[in-house]
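What follows is one structure encoded as structure tokens, with my remarks underneath.
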Amino acid sequence: MLIIVAYLFVIFIWSTTPVAIQFSLGGLDFFTAVSLRMWLSALLSLPLLLILGQRLVLTRPALMSYVAGSLGVYGAMMSVYWGAAYIPSGLISVLYGLSPMLSGALAYWWLGERELTPARMIALLIALCGLALVVSARMMLDAESWRGILGTVVSVLCFAASAVWVKAANAGLHPMVQTSGTLWVSSLAYALSLPWFGVHIPDAWPFSSMLGLGYLVVFGSLLGFMLYFLVLKHLPTSRVTLITLIAPVLAVLWGYLLRDERLQWSSAGGAALLLSGLALYQWHQSMDRCLRWLWPFKAKTEVANAMDIRAAQQEKH
């Protein structure tokens, strides 16, 4: 029951994060907004560790896991905060819907997981067609949208790689320990970036920007990361990435209700096509059974089944 509640909270937090980012950028440049968010979150994580009776683990596997997590916090956040100035929050979350497929591809090469089945390859093509439709629609609206799309795609790549890397590290850490360690490693990276960007606090700081930053510190970072690592620890990666199928739909709604963002029919159609591809990617079993009559796929399936049987026999012995 705890995992289900955590899962639902992550869905809600992830769906509201893009619009909260744009609210926080109302009075701050992108680096000031993201660095303040991470520094404040890292500081608040220490008393939370004490309350939970935990402490930071500094073993080699733990440090590697922190670095792996920081790829998603530093690399992904820097990119998406920069891109958020050019595209609507709903489009950010829709582009993040590509993360399950990218995670599957990376897990195939990195962890040897057989995620890319024939049906999932078809799903990838469908989702990419939807992405192309969304991108073309955004380009017609704003000549600078390509910057936001590029930044968000780089962010998605970092996020997907981070998730697979944390799984590969398998440090067995408490979710709050993983969260705090990741935030502190990321905070160090942001501090090292200060000479290039600097921190600029405005004289007149809009209340909506402060409210957005506060929400991201407490919910987007501390609670969101802790629940995400909790879910990632107890559920398969494929189930965790289902969150990115649901969050885009809610994010488009939040952007429309809270920021009066326009929603063209071409963007809506592209988003629907992208989400259809992602849904097929997750629930691919029926189509894979229909495709088994194709001999190249059938041969690969038979080899995979033989490998599974052999692995099961080895476990028994």
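Be aware that the sequence shown starts at 1, since it is given in UniProt numbering, and climbs by one per residue. Note that the Cβ used here is the ideal one computed from N, Cα and C, for glycine as well.
Reduced DSSP secondary structure (H/G/I, E/B, other) of residue i
i, result
"I122", "helix"
"L48", "helix"
"R289", "helix"
"L8", "helix"
"I21", "helix"
"Y86", "coil"
"W283", "coil"
"V57", "coil"
"G69", "helix"
"A143", "coil"
Nearest-angstrom Cβ-Cβ length linking residue i and residue j, presumed shorter than 8 Å
i, j, result
"G212", "A20", "5 Å"
"S162", "A76", "7 Å"
"L216", "S24", "6 Å"
"V231", "I92", "Not a contact, Cβ separation roughly 21 Å."
Identity of the residue in the options nearest residue i by Cα
i, options, result
"L46", "L222, Y256 and L232", "L222"
"Y38", "K233, V73 and G26", "With the sequence shown as reference, residue 38 is identified as Met, and Tyr is not the correct amino acid for it. Ranking K233, V73 and G26 by Cα distance to M38 puts V73 first."
"S35", "F12, G214 and V166", "G214"
"R55", "P61, G220 and G181", "G181"
"G104", "L48, F30, K167 and S70", "K167"
"W109", "V164, S70 and V156", "V164"
"A6", "Q22, M210, L235 and L274", "L235"
"L131", "M287, S286, A268 and Q285", "A268"
"L111", "F12, L8, L258 and N170", "N170"
"V57", "T179, Q285 and G220", "T179"
"M64", "G172, Q285, L133 and F207", "G172"
Given 8 Å as the limit, is there contact between the stretch 194-204 and the stretch 87-99, that is, 3 or more CB pairs closer than that? no
Continuous alpha helix (DSSP H) assignments of at least 4 residues falling wholly in the UniProt domain "EamA" (147-280): 175-192, 194-197, 207-215, 224-234, 237-240 and 243-259
Validate contact between the stretch 1-17 and the stretch 223-231 using beta carbons, cut 8 Å, 3 pairs: yes
Counting Cβ pairs, one atom from each stretch, are 3 or more of them under 8 Å apart for the stretch 118-132 and the stretch 275-290? yes
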